[in-house]
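Heads up, the thing below is written out as structure tokens.
Chains as they are written, first to last, in the working numbering: chain A, 1 to 116; chain B, 1001 to 1115.
Okay, here's the thing in structure tokens:
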């Protein structure tokens, strides 16, 4: 069975600085999807970034980028130029690739605080 | 982006009553939807997979008779908490995969408080 681990319960970053959130996972599958979701105080889950395991290139979305290390089973999220609105819970999630296997496996989350 | 709505956004009910929560995909069809439960400061716990036109698939430890799921159309799934008790108080979130299903889109959640 797949597992997702986020070892940092809480992180802090100064506004405008860069922070990296860690995520590791365990799987025997070769193809899968990885996601980072953000959950602000409103508790609405918002997709931040997605990575397909078969793609070697790291995904980027504006200030958000990932460092995907397939062999190490690591999927960290880097937030550049941190803004106050980035303060939220961040969840890493894994999804198998096969048809009909839409279930996500979530990590326990990292609470990010942004300091003014 | 895809939009998933939930109704109501919050509900307070008396112990012993039943509560229905609706999840709708507003701009796409979803043959599958997911129901999660989230306790404060914790991750999302998958409760069940809702399948349009067939029975829901429940995760281990989730009571089927307690949490009734109906996926009557391609845009609507409902979760009914039957005979609710204070321990059922929680935040309930639904989601739906779009297109090839790579990405799930989440509803805004429903806060349930059982007195």
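Yeah, the Cβ is synthetic: ideal placement off N, Cα and C, and Gly gets one too.
Hey, would you say residue i sits closer than 8 Å to residue j, going by beta carbons?
i: residue 1026/B; j: residue 1011/B; result: no
i: residue 1077/B; j: residue 1047/B; result: no
i: residue 114/A; j: residue 15/A; result: yes
i: residue 86/A; j: residue 112/A; result: yes
i: residue 110/A; j: residue 21/A; result: yes
i: residue 1045/B; j: residue 1036/B; result: yes
i: residue 125/A; j: residue 64/A; result: Outside the modelled stretch of chain A, which goes from 1 to 116, sits residue 125/A, for which no answer is possible.
i: residue 1086/B; j: residue 1009/B; result: no
i: residue 104/A; j: residue 94/A; result: yes
i: residue 1013/B; j: residue 1094/B; result: no
i: residue 1049/B; j: residue 1068/B; result: no
i: residue 1114/B; j: residue 1043/B; result: no
Relative to the C-alpha of residue i, which candidate in the options has its C-alpha closest?
i: residue 34/A; options: 73/A, 17/A and 114/A; result: 73/A
i: residue 1074/B; options: 1099/B, 1041/B and 1087/B; result: 1099/B
i: residue 40/A; options: 102/A, 80/A, 97/A and 89/A; result: 89/A
i: residue 53/A; options: 104/A, 96/A, 113/A and 116/A; result: 96/A
i: residue 51/A; options: 42/A, 69/A and 17/A; result: 69/A
i: residue 48/A; options: 1104/B, 1112/B, 1115/B and 1091/B; result: 1104/B
i: residue 13/A; options: 75/A, 84/A and 92/A; result: 84/A
i: residue 1066/B; options: 1019/B, 1043/B, 1107/B and 1030/B; result: 1019/B
i: residue 24/A; options: 66/A, 79/A and 103/A; result: 66/A
i: residue 1054/B; options: 1043/B, 1061/B, 1062/B and 1071/B; result: 1071/B
i: residue 19/A; options: 8/A, 29/A and 28/A; result: 8/A
i: residue 1084/B; options: 1042/B, 1029/B, 1060/B and 1112/B; result: 1112/B
i: residue 1006/B; options: 1092/B, 1115/B and 1114/B; result: 1092/B
i: residue 30/A; options: 62/A, 56/A, 60/A and 17/A; result: 56/A
i: residue 1051/B; options: 1031/B, 1060/B and 1043/B; result: 1031/B
i: residue 1038/B; options: 32/A, 36/A and 45/A; result: 45/A
i: residue 60/A; options: 28/A, 3/A and 36/A; result: 36/A
Can you say whether residue i is buried or exposed, counting buried as having 16 or more other CB atoms within 10 angstroms of its CB?
i: residue 1096/B; result: buried
i: residue 1079/B; result: buried
i: residue 26/A; result: exposed
i: residue 943/B; result: Absent from the model: residue 943/B. The displayed extent of chain B is 1001 to 1115, so no value can be given.
i: residue 106/A; result: buried
i: residue 6/A; result: buried
i: residue 1106/B; result: buried
i: residue 71/A; result: exposed
i: residue 1110/B; result: buried
i: residue 1090/B; result: buried
i: residue 77/A; result: buried
Assuming residue i is part of the beta strand (DSSP E), what are its boundary residues?
i: residue 1067/B; result: 1067-1073
i: residue 45/A; result: Counting along the chain, residue 45/A falls outside any beta strand (DSSP E), and DSSP gives it neither H nor E.
i: residue 68/A; result: 64-69
i: residue 14/A; result: 10-14
i: residue 1036/B; result: 1032-1038
i: residue 91/A; result: 88-96
i: residue 1051/B; result: 1044-1051
i: residue 32/A; result: 32-39
i: residue 1006/B; result: 1004-1007
i: residue 1062/B; result: No beta strand (DSSP E) contains residue 1062/B, which DSSP labels as neither H nor E.
i: residue 1091/B; result: 1090-1098
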